[in-house]
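Let me begin by presenting the structure, written as structure tokens, before commenting on it.
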Amino acid sequence: GDFGARCAASSAGAGAPTLHVGVVGYGLVGKELVSQVLTNAARLEGELGVKVQIAGVARSKSMLLLPPAGDGALAGGTWPSGEAPADLTKLAEHVLAAADASGGRALLVDNTASDAPAGLYASWLAAGADIVTPNKRAGSGPYDRYERIRAAALQGGSRFLYEATVGAGLPIIGPLQVLRRSGDEVVGVEGIFSGTLSYIFNSWKPGVKFSAVVKDAKDKGFTEPDPRDDLSGTDVARKVTILARECGLKLELSDIPVKSLVPAALESWQPAVGANIGDAFVKELESYDAEMDALISEAEAAGEVLRFVGAVDVQAGTASVKLGRYPKDHPFASTQFADNIVTYDTKWYRPRPLVVQGPGAGAAVTAAGIFGNIMEVMSCMRRPRP
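When we follow the working numbering, the leftmost residue of the sequence shown carries the number 145, and every step to the right adds one.
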């Protein structure tokens with residue numbers, strides 16, 4: 145199918161072809177990704193027969209456009225001189241021109257959490273550039289834009305890859321695509337998709353105050369500065385939207401009911417001027433410890449655990465984010481620390497589901513998930529050796 149055609153299309157010319165990569169977003173994940181690419185490029189050329197080079201890097205305000213084979217300037221996380229004001233359209237043009245000049249391919253990585261780059265995906269893909277991203281905005285944003293992005297990839301003979309949008313480096317999207325494309329019928333997908341909420345529910349035991357567990361997670365750096373951003377479940381809903389669409393459902397983020405863990409009275413609460421929002425919020429949360437205690441005691445009495453889960457019910461055509469109760473022998477009951485876990489219930493994986501479990505956050509594994517998608521594009525570019 146399209147995969148074979150794409151591989152064939154890139155086999156012109158002699159010598160090892162080059163994949164030219166433009167990186168948008170240069171925080172923890174962006175720097176880690178560039179470091180992984182620079183460290184492994186020579187070995188990959190031997191293994192895959194394809195070169196990979198960083199052609200440009202954009203931060204929020206500035207960008208660097210690098211000459212061919214000039215990515216050594218980024219070694220060790222340095223930001224060399226010669227920057228220009230950030231302009232994503234110019235960055236994409238630079239990367240596409242480099243690919244054009246070398247007879248290779250162009251690829252753009254969007255490491256941001258912003259909606260702006262997602263608006264440019266369709267034009268980049270149509271121009272023949274591949275896109276790899278951990279950014280959930282395109283996959284969970286307006287469905288019509290999502291459809292335009294996928295159509296543009298087919299039209300441009302390019303690929304839109306986003307394994308790292310769900311569970312960082314864990315293989316979650318890939319197995320789902322392989323099962324569906326090979327004719328399995330997915331009945332349901334269910335999982336714990338937030339490392340923060342996983343940690344909170346793994347460490348919360350009967351007799352311990354819920355607010356104290358949230359404070360512990362905040363103090364360990366697991367939560368956003370405002371813990372409501374985690375407890376609201378919105379991030380989980382974005383991941384569930386991506387998975388639902390992967391299962392063939394035409395859902396919008398707003399179609400997914402979310403059981404927020406933020407008490408209604410605290411949704412629009414603001415801390416006193418000058419107060420640390422995280423500390424102040426935990427203090428407010430203490431008033432709700434009794435009702436949370438009732439929930440966990442009830443679950444414990446029934447021999448069950450509480451878990452914050454996202455679920456896709458393919459037959460019903462629905463998805464949801466909720467606080468669920470599970471027996472102690474259920475896969476979700478065995479999660480540790482900040483694990484993500486996902487179970488796939490399918491025609492072929494029944495009665496025992498396919499389970500993927502492990503850490504679903506962190507710069508190194510997120511970058512490795514992105515790099516995995518980059519290597520998929522590279523393996524497609526191999527040419528006969530002269």
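A virtual CB, placed ideally from N, CA and C, is assigned to each residue, including glycine.
Taking only runs that begin and end inside the segment 177-246, name each unbroken alpha helix (DSSP H) of 4 or more residues, in chain order.
Scanning the segment 177-246 for uninterrupted alpha helix (DSSP H) segments of 4 residues or longer gives 232-246, listed from N- to C-terminal end.
Could you say if the segment 296-311 and the segment 461-471 meet the contact criterion of at least three C-beta pairs nearer than 8 Å?
Flag = no, the segment 296-311 and the segment 461-471 do not touch.
Is the CB of E191 under 8 Å away from at least one CB in chain B?
In the displayed structure, chain B is absent; only one protein chain is listed.
Rounded to whole angstroms, what's the CA-CA distance from G377 to M436? Just pull it up for me.
C-alpha of G377 to C-alpha of M436: approximately 17 Å in a straight line.
Alpha-carbon to alpha-carbon, P530 and V310:
Put simply, the backbone Cα of V310 is about 41 Å away from that of P530.
Please report the straight-line C-alpha distance between I316 and G506, rounded to a whole angstrom.
Between I316 and G506, the C-alpha separation is close to 16 Å.
If you run the structure through DSSP and keep just helix, strand and coil, what is Y287?
DSSP places Y287 in helix when its eight states are reduced to three.
Using DSSP with H/G/I as helix, E/B as strand and the rest coil, what is P503?
Note: P503 maps to strand in three-state DSSP.
Excluding sequence positions up to five away, which residues of its chain have a Cβ less than 6 Å from the Cβ of G145?
Summary for G145: the model assigns pLDDT 45, below 50, so the residue's position carries little reliability; its value from the coordinates is reported in the next sentence. So no residue of the chain qualifies.
Ignore the nearest five residues each way along the sequence and tell me which others in T256's own chain have a CB closer than 7 Å to its CB.
Non-local C-beta neighbours of T256 in its own chain, meaning closer than 7 Å and more than five positions away in sequence, comprise V168, G169, N279, ordered along the chain.
Quick one: is V322 buried, meaning 16 or more other Cβ sit within 10 Å of its Cβ, or exposed?
Its Cβ having fewer than 16 others within 10 Å, V322 is exposed.
Start-to-end residues for the alpha helix (DSSP H) that takes in S302:
Note, S302: premise wrong, no alpha helix (DSSP H); not H, not E.
Measuring CB to CB, does L252 end up less than 8 Å from A236?
For L252 and A236, yes; Cβs fall inside 8 Å.
Can you tell me which of S206, Q180, P503 puts its alpha carbon nearest to the alpha carbon of D215?
The residue with the shortest Cα to Cα distance from D215 is Q180.
In terms of residues, what are the limits of the alpha helix (DSSP H) holding R372?
It spans 372-375 - the alpha helix (DSSP H) in which R372 sits, taken as one unbroken run.
Assuming P369 contacts G422 under a Cβ cut-off of 8 Å, what Cβ separation, rounded to an integer in Å, is found between them?
Confirmed, Cβ separation roughly 6 Å.
Would you list the one or two residues that DSSP bridges to T162?
T162 is bridged to K195.
Cβ neighbours of S326 in the same chain (closer than 7 Å, five flanking residues each side left out)
The answer is none, since no qualifying residue turns up.
Measuring only the C-alpha atoms, how far is A153 from C524?
Low confidence applies to A153: its pLDDT is 47, below 50, so where it sits in the model is not reliable, and the reading given next is rough at best. Straight-line measurement puts the Cα of C524 at about 9 Å from the Cα of A153.
Closest by C-alpha distance to V509, when choosing among D399, L341, A312
When each option's Cα is compared against that of V509, the closest is A312.
Is the beta carbon of T385 sitting closer than 8 Å to the one on S284?
Yes, these two residues count as a Cβ contact at 8 Å.
Integer Cβ distance of V380 from S338, believed to fall under 8 Å
Correct: roughly 5 Å between the Cβ atoms.
Compute the Euclidean distance between the alpha carbons of A243 and L163, then round it to the nearest angstrom.
Between A243 and L163, the alpha-carbon positions lie close to 7 Å from each other.
Taking buried to mean at least 16 other C-beta atoms within 10 Å of its own C-beta, is V417 buried or exposed?
In summary, V417 is exposed, with fewer than 16 beta-carbon neighbours lying within 10 Å of its beta-carbon over all protein chains present.
Given a cut-off of 8 Å on the beta-carbon distance, is the pair F452 and L314 in contact?
In this structure, F452 keeps its C-beta atom at 8 Å or more from the C-beta atom of L314.
Tell me the rounded alpha-carbon separation between V402 and Y488.
Rounded to the nearest angstrom, the two C-alpha atoms are 21 Å apart.
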